[in-house]
Amino acid sequence: ELMNHGWQRLGTAFSVCSMPATCCPQYASRTDVTRFQLTASQRRTLRRVLRFVSGRCGPKPDKLSAAELDAEALAEAELSLAAAGPPDSRKARHLRWRRRLDRLRQRAAIAESPDAELSRLLAESAARRLRRRQRNSAHSLADYARAFARLDPGRFQVRWLSPDSRELRDSLHDEYACYLTYQQSVHRDVDFDWSFRHFCDVMVSTCLAAERATGRGTYHVQYWLGDRLLGVDIVDVLADSASSMYFFYNPELLRLSPGSFSALHLLSRLSTWQLSFPQGPPMRYLYLGCYVPGNRKLAYKSGLRPFQLLCPETRRWFDFDTVCRALLLANAGSKYARFAPPAADPAAAAALEASSAAAARDALKVRLPGPSGGLVQPKFVTVRDLPDGAFGRSTAAALDLLGQLAELVGPDAARQLAVVLEVALLLQGGG
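Numbering (the numbering used here), first residue to last: 866 to 1296.
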């Protein structure tokens, strides 16, 4: 419920961006696992990474083996002359074909048998086209997942490790070294507290309990090339969704689009989650953290279609391509963009929104303060059942703070939350 309302976890704390107050609007984002479709750019990313981790980064061979000159390629080669069109045609595709045929005829003219050589060159050209067509259009995300699974585990391996696993404890210092290099090289943050203790507090600590039967909990998804750690994606697997909390990687791999590759791996894994955990529900959404318009480091997220952003005012999700993109451009100079359309009756909509917010606030459970004000009783009561003046002089401030919290978490989460208010902070005007 918190993720659905734009909250993000970091360590054991949850936070949400206050859009009216920030100078850099951050929109919560997600993609639909069940309706995801690969794009040509994402296929290129997967092929590039696959060539890199398999050690095939050199130039592609120009010559094809005899096995590749199959009957289908030869049959298509016979149609090549007809594909060039009539001699007087000025269509672009006919012009391209005629230029290609002229080049092949020039190459065949120096052979002992020009006609046979031309047929062979046409067959090679047709085989290349068939292979390129198959590579670009036939492969799905599952096909690439199987290709990565066939790699030697001693060379490339993806490990899903829980925080209490021995494997994670043994590799924690490798993670920290990668994290430190990433922060200082990619984000240029050299003056911040990047101590090992800080890393453990925000990246390793978690408040999510692991459930073996359903697979819920926090995972460190590590990408290894031999004994070299390429990157780590910290993922929270929830009831029917997952959240990529944070991803960091070796800066030397920037040309491989590591953020896009890791997101594609998560989508592939989540789409088959029920095969590994039959007792759990199918995964619906992958939450991708914040999206900042104009930020090049986060631009890959918008390509994970269907990509959605959360409206900062109504807390409803909207499609990026059909709704959000145009509104973000139109409101480039504003604090933030509202994606929900304006209400037909603003006064009635405001009254309904206020009524819903009040109902959500009244559903919160609050621990009553003790007689001395500093001590608290273990009993929790709903806000609607609070006695008058329950927090003394700070009752009005407490109710206001609870109203803000209920609005930010939403009515469903508000019914499940138990809140402890620090009376001393309320007296000082804090929250």
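C-beta: ideal position from N, C-alpha, C; glycine also.
Since the structure is predicted, the reported quantities are computational estimates derived from the model, not experimental observations.
Check: DSSP beta-bridge partners for F1245?
Finding: R1232
Check: So what does F1057 bridge to, in DSSP terms?
Finding: Answer is none; F1057 lacks a bridge partner.
Next item on the list: Report the partner residues of E1076 according to the DSSP bridge assignment.
Entry: In the DSSP output, where bridge partners are listed per residue, E1076 has R1081.
Notebook entry, point to check: Alpha carbon to alpha carbon, how far is Q1144 from A1078?
Noted result: Cα-Cα distance, rounded: 6 angstroms.
Notebook entry, point to check: Buried or exposed: which applies to I1099, given that a residue is buried once 16 or more other Cβ atoms fall within 10 Å of its Cβ?
Noted result: buried
Check: Are three or more beta carbon pairs between the region 1213-1224 and the region 1192-1200 nearer than 8 angstroms?
Finding: no
Checklist line | Any 3 or more C-beta pairs closer than 8 angstroms across the region 1089-1103 and the region 876-886 | finding: no
Item checked: Proximal residues to L1121 (C-beta, below 8 angstroms), its chain only, five neighbours per side dropped -> T910, R913, V914 and F917
Checklist line | Paired residues, beta bridge with S1106 - DSSP | finding: Y1150
Notebook entry, point to check: Between S894 and Q1173, which are expected to be in contact by the criterion C-beta below 8 angstroms, what is the C-beta distance as a whole number of angstroms?
Noted result: 7 angstroms
Margin query: Rounding to the nearest angstrom, what Cα-Cα distance links T1187 and R985 in this structure?
Written below: 49 angstroms
Next item on the list: Measure the CB-CB distance between Q1087 and R1024 and report whether it falls below 9 angstroms.
Entry: yes
Next item on the list: Please go through the same chain and pick out, in chain order, the residues whose beta-carbon is closer than 6 angstroms to the beta-carbon of Y1152, but skip the five residues on each side of it.
Entry: So the list reads M868, R895 and S1108, once near-sequence residues are dropped.
Note to self: So, at 7 angstroms on beta carbons, what are the nonlocal neighbours of L1193 in its own chain, with the 5 sequence-adjacent residues on each side left out?
What the structure shows: P1158 and A1202
Check: From which residue to which residue does the alpha helix (DSSP H) around Y1009 run?
Finding: Segment L1006 to A1014, the alpha helix (DSSP H) holding Y1009.
Check: Which residues in the same chain have their Cβ closer than 6 angstroms to the Cβ of S1125, if we skip the five residues on either side of it in sequence?
Finding: T910 and Y1165
Check: Whose C-alpha, out of R1149, H1130, G1268 and M1110, is nearest the C-alpha of W872?
Finding: M1110
Item checked: Terminal residues of the beta strand (DSSP E) in which D897 lies -> Y892 to D897
Item checked: Residue span of the alpha helix (DSSP H) that contains A1042, given as start and end -> R1031 to S1050
Note to self: Between R1226 and L1267, how many whole angstroms is the CB-CB distance? I'm expecting something under 8 angstroms.
What the structure shows: 5 angstroms
Next item on the list: State the DSSP-derived secondary structure class of Q1173, mapped to helix, strand or coil.
Entry: strand
Next item on the list: Go to V1157, then tell me how far its alpha helix (DSSP H) extends in each direction, as first and last residue.
Entry: Here V1157 belongs to no alpha helix (DSSP H), and DSSP marks it neither H nor E.
Margin query: Buried or exposed, going by whether 16 or more other CB atoms sit within 10 Å of the CB of N1160?
Written below: exposed
Check: Is E1287 buried or exposed, if buried means 16 or more other CB atoms sit within 10 Å of its CB?
Finding: exposed
Notebook entry, point to check: Would you report the Cα separation of P1177 and F1204, rounded to the nearest angstrom?
Noted result: Pairing P1177 with F1204, the inter-Cα distance amounts to about 8 angstroms.
Checklist line | Nearest-angstrom Cα separation, counted from E866 out to P1211 | finding: 27 angstroms
Margin query: Within the continuous alpha helix (DSSP H) that includes R1190, where are the two ends?
Written below: R1190 to A1195 is the extent of the alpha helix (DSSP H) around R1190.
Next item on the list: Would you mind working out which of P1146, P1116, D1105 and Q1022 sits nearest A1042, comparing C-alpha positions?
Entry: P1116
Check: Skipping 5 residues on each side, what residues in its chain have a beta carbon closer than 7 angstroms to that of T899?
Finding: R1149
Check: Do you know offhand how far R964's Cα is from C1155's?
Finding: 49 angstroms
Checklist line | With 16 other Cβ atoms within 10 Å as the buried cut-off, status of L960 | finding: In summary, L960 is exposed, with fewer than 16 beta-carbon neighbours lying within 10 Å of its beta-carbon over all protein chains present.
Margin query: Considering Cα atoms alone, identify which of C1072, H1004, L1169 and L1103 is closest to P1146.
Written below: L1103
Notebook entry, point to check: Looking only at its own chain, which residues have a Cβ that is under 6 angstroms from the Cβ of L1045, when we skip the five neighbours before and after it?
Noted result: W1059
Item checked: Straight-line gap, G1238 to P1252 (C-alpha atoms, nearest Å) -> Residue placement at G1238 is poorly supported in this model, since its pLDDT is 49, which falls under 50; the coordinates still yield a value, given next. So the alpha carbons of these two residues sit roughly 15 angstroms apart.
Notebook entry, point to check: On the three-state DSSP scale, how would you describe G1268?
Noted result: helix
Check: What is the DSSP secondary structure of R909, counted as helix, strand or coil?
Finding: helix
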